[in-house]
Each structure stands twice: as structure tokens, then as C-alpha cells.
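The sequence shown lines up with residues 9 to 279 when you count with my numbering.
Think of the CB as a built atom: it goes at the ideal place given N, C-alpha and C, for glycine as much as any other residue.
Here the structure is laid out as C-alpha cells; the discussion comes afterwards.
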Amino acid sequence: MKTTEDKLKKLVKILREMQGLVVAFSGGVDSTFLLKAAHDVLVKNVLAVTALSPAFPPAELKSTKELARSMGVRHRIIRSNELSIPEFVSNPPNRCYYCKKDLFTRLKEIAQKENLPWVADGSNSDDRRDFRPGAIAAKELGIRKPLTEARLGKEEIRVLSRKMGLPTGDKPSAACLSSRLPYGETITAGKLQQIGRAEDFLRRLGFTQVRVRHHNSMARIELLPEEMKRFMDRALQAKATKQLRRLGYQYVTLDLQGYRTGSMNEVIRKS
């Protein structure tokens, strides 16, 4: 069985053979690690591109800029077009396919202009277990997944990130704000802004891994199990409820199962 260090060597070999790439850079654990590893190997032949849209958590933009600057990596910010794509806005279970197809097409155009051979994203080997329609678009467009190719999983990436001194080693997992809406509910900039503000508020209260699942007038809050006890404080509940109602939610609930990746996909698994 290969060790984490063996997989890191494999990643370095893959990146060296790629010679140059555009990295789809969200500022999360995986894409930050990929960007750092690529820059260490290829130096100037790497460009980080961040797609800014209403679905991108607002707090992440500042983080991506600071991370790219600290690594000395070229960084470009583009505006994403997903809210102009009817198939995405109608929010079917495969909505990520349409978003990623548009994004990766644009990144390939940038790579061609920059004379960089490849576009890569930060998907890791654990992602294959989840429902990810965007992976189909990546395959169709020839997008590389160096972390997956090296068989690096999430926890291994966190360990290596800490060894490299990256501040994202212990960063909570993030995801597109569209993932907070039930399939079939129309995605709008207003709803995404409402969700983003609600989650930012809960983080300011000291909660780390937060999801506000948007069910029309109801906010279903997911927190880490170890942080749920703190939410039982009546004064904190009142403060959170008041703010989320101010943002437009009539009902505020706590999901007793706690935070879990892709909870909106549970209806797909049951059908």
C-alpha cells in the first residue's frame, strides 16, 4: 500500500509531466494544496483562476487573493456565468454539470491564450464516492485531476497542507452556495445572498463548519455534532433566530443529524 509520501512523489511526477496548467482555484483545502504543489514544481508555468459569482461564498474571495499572493502565484479573477444558464438556474440534480461545463470551457480558453497545456481542478480521490455531476463535464472537456490521479484523499491532503505550512490544512470544507437549495427550487442571486449572509453570521458566533439549508421560508441549520450543544443556549438561539428572520427566514431550525456533506443529495439516494 502506498504511503502519503509515495502519493506526494507521484503528484510531483504528474505535475512535472504536465509542464504547465491553469488551476481552478476556490481557496479551499484541495485547490490550495494543488496550487502550492504545482507552483513548487512548475513555478511560472502556473496560473490560478478564481470564478466569482453569487454562488461563491463572499468571505472566500479575500482568502483566495491572500493565499495566491502569499505563494507568489499569478492569480486571475473572472466573473462566472452560471446564473445565465437556464439549466443551472432551474436546479436539477445535475445542475453542477452545466456550471462546470461553462467554467471549464472558459478556463480552457484562458489556458490556450496563456500557452499552458492543461486545466486542472482540486478533486481528490475521496470525491469519487459522492454524487458529482460536474465530474462528467470535467471528463468531457479533458480537465485533469492531479490529486485524484495521485490517489490522494482529503485527510492526506490536510496532513500534507499542514506540513507545507498552508493555513488551509484545518480549514472547514466549503461548497457552492447553490448546494443549500433543494433540487427543483429556482436558484436566484437573492437566495444565494440570503444564505451567504446567514452562514457568515453563524460563523461570527463562533461556529466553524456551518450549512444553512434553504427551504423557502425555513432555514435548516447544520452544525458539527460537537458544536450543537452550544446552540442549546437560549440567548444564542434568540440572537440567531432574530438575525435569520431579519434576513428573510420565517422559521429557524437545527438539524439534529448535524453537518454532513451533500445532505441535499439524500432525496436522490432514497428515490
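Determine the extent of the alpha helix (DSSP H) in which Ala76 is found, giving its start and end residues.
For the purposes of this step, residue 76 is taken as residue 68 along the sequence shown, with counting starting at 1. For Ala76, the enclosing alpha helix (DSSP H) covers residues Pro66 to Met79.
Using only the alpha-carbon positions, how far apart do Ile229 and Arg219 sit?
Looking up residue 229 in the sequence shown gives position 221. Looking up residue 219 in the sequence shown gives position 211. Going by the C-alpha atoms only, they are around 6 Å apart.
With distances taken Cα to Cα, identify the nearest neighbour of Lys199 among Val81, Val30 and Ala63.
Residue mapping note: residue 199 aligns to position 191 of the sequence shown, counting from 1. The shortest Cα separation from Lys199 among Val81, Val30 and Ala63 belongs to Ala63.
Reduced DSSP secondary structure (H/G/I, E/B, other) of Ala248:
Position 240 of the sequence shown holds residue 248. Helix.
Whose C-alpha, out of Leu174, Tyr191, Met226 and Asp241, is nearest the C-alpha of Asp38?
Stepping through the sequence shown from its first residue, residue 38 is reached at position 30. If we check each option's Cα against that of Asp38, Leu174 comes out closest.
Cβ separation of Tyr257 and Ala227, assumed to be a contact under 8 Å, to the nearest whole Å
The count along the sequence shown starts at 1 and reaches residue 257 at position 249. The count along the sequence shown starts at 1 and reaches residue 227 at position 219. Between Tyr257 and Ala227 a beta carbon distance of about 4 Å is seen, short of the 8 Å cut, so the two are scored as contacting.
Is the distance from the Cβ of Leu149 to the Cβ of Lys109 below 9 Å?
Your numbering for residue 149 matches position 141 in the sequence shown. Your numbering for residue 109 matches position 101 in the sequence shown. Yes; because the gap between Cβ atoms is below 9 Å, this pair is in contact.
Run through the segment 82-132 for me and flag every whole alpha helix (DSSP H) of 4 or more residues, listed as ranges in chain order.
For the segment 82-132, whole alpha helix (DSSP H) runs of length 4 or above, ordered along the chain, are 94-97 and 103-121.
For the segment 188-273, which segments carrying the beta strand (DSSP E) assignment without a break, of at least 3 residues, lie completely within its bounds, in sequence order?
Runs of the beta strand (DSSP E) inside the segment 188-273: 218-223, 226-231 and 259-262.
Suppose you measure from the CA of Lys44 to the CA of Arg159; what does that come to, to the nearest Å?
Here residue 44 refers to the residue found at position 36 when the sequence shown is read from its first residue. Here residue 159 refers to the residue found at position 151 when the sequence shown is read from its first residue. Distance between the alpha carbons of Lys44 and Arg159: 17 Å.
Return the bridge partner residues of Thr58 from the DSSP annotation.
Counting from one through the sequence shown, the residue named residue 58 turns up at place 50. Answer is Ile85, bridged to Thr58.
Closest by CA to Ala143, which one among Glu117, Arg205, Cys107 and Gly177?
For the purposes of this step, residue 143 is taken as residue 135 along the sequence shown, with counting starting at 1. Measuring from the Cα of Ala143, the nearest candidate turns out to be Cys107.
Where do the N-terminal and C-terminal ends of the alpha helix (DSSP H) with Leu168 fall, by residue?
Here the question's residue 168 lines up with position 160 in the sequence shown. That run of the alpha helix (DSSP H) goes Lys162 to Lys171.
Measure the beta-carbon distance from Ser88 to Leu60 and round it to whole angstroms, keeping in mind my assumption that it falls under 8 Å.
Within the sequence shown, residue 88 is the residue found at index 80, counting from 1. Within the sequence shown, residue 60 is the residue found at index 52, counting from 1. Contact between Ser88 and Leu60 holds: their C-beta atoms lie close to 6 Å from each other, under 8 Å.
If Gly161 and Asn132 are in contact, beta carbons under 8 Å, what's the gap, nearest whole angstrom?
For the purposes of this step, residue 161 is taken as residue 153 along the sequence shown, with counting starting at 1. For the purposes of this step, residue 132 is taken as residue 124 along the sequence shown, with counting starting at 1. Contact flag correct, Cβ pair sits at about 6 Å.
Tell me the residue span of the alpha helix (DSSP H) that contains Ala63.
As a position in the sequence shown, residue 63 is number 55, starting the count at 1. Premise fails: Ala63 is in no alpha helix (DSSP H) and is neither H nor E.
Cutoff 8 Å; reference Asn123; Cβ partners in own chain excluding five residues on either side
Along the sequence shown, one-based indexing puts residue 123 at 115. So the qualifying residues of the chain are Gly28.
Coarse secondary structure for Leu305, derived from DSSP in three states:
Because the chain in this structure spans residues 9 to 279, residue 305 falls outside the shown range and cannot be described.
Does the distance from the C-beta atom of Phe209 to that of Leu168 stay below 9 Å?
Here residue 209 corresponds to residue number 201 of the sequence shown, with the count starting at 1. Here residue 168 corresponds to residue number 160 of the sequence shown, with the count starting at 1. Their beta carbons are not under 9 Å apart, which means Phe209 does not touch Leu168 by this criterion.
Rounded straight-line distance, which links the Cα of Arg24 to that of Ala67:
Indexing the sequence shown from 1 puts residue 67 at position 59. Indexing the sequence shown from 1 puts residue 24 at position 16. Looking at the backbone, the Cα of Ala67 and that of Arg24 are separated by about 33 Å.
Roughly how many angstroms separate the alpha carbons of Gln201 and Leu244, rounded to a whole number?
Working through the sequence shown from its first residue, we reach residue 201 at position 193. Working through the sequence shown from its first residue, we reach residue 244 at position 236. Just so you know, the alpha carbons of Gln201 and Leu244 end up roughly 23 Å apart.
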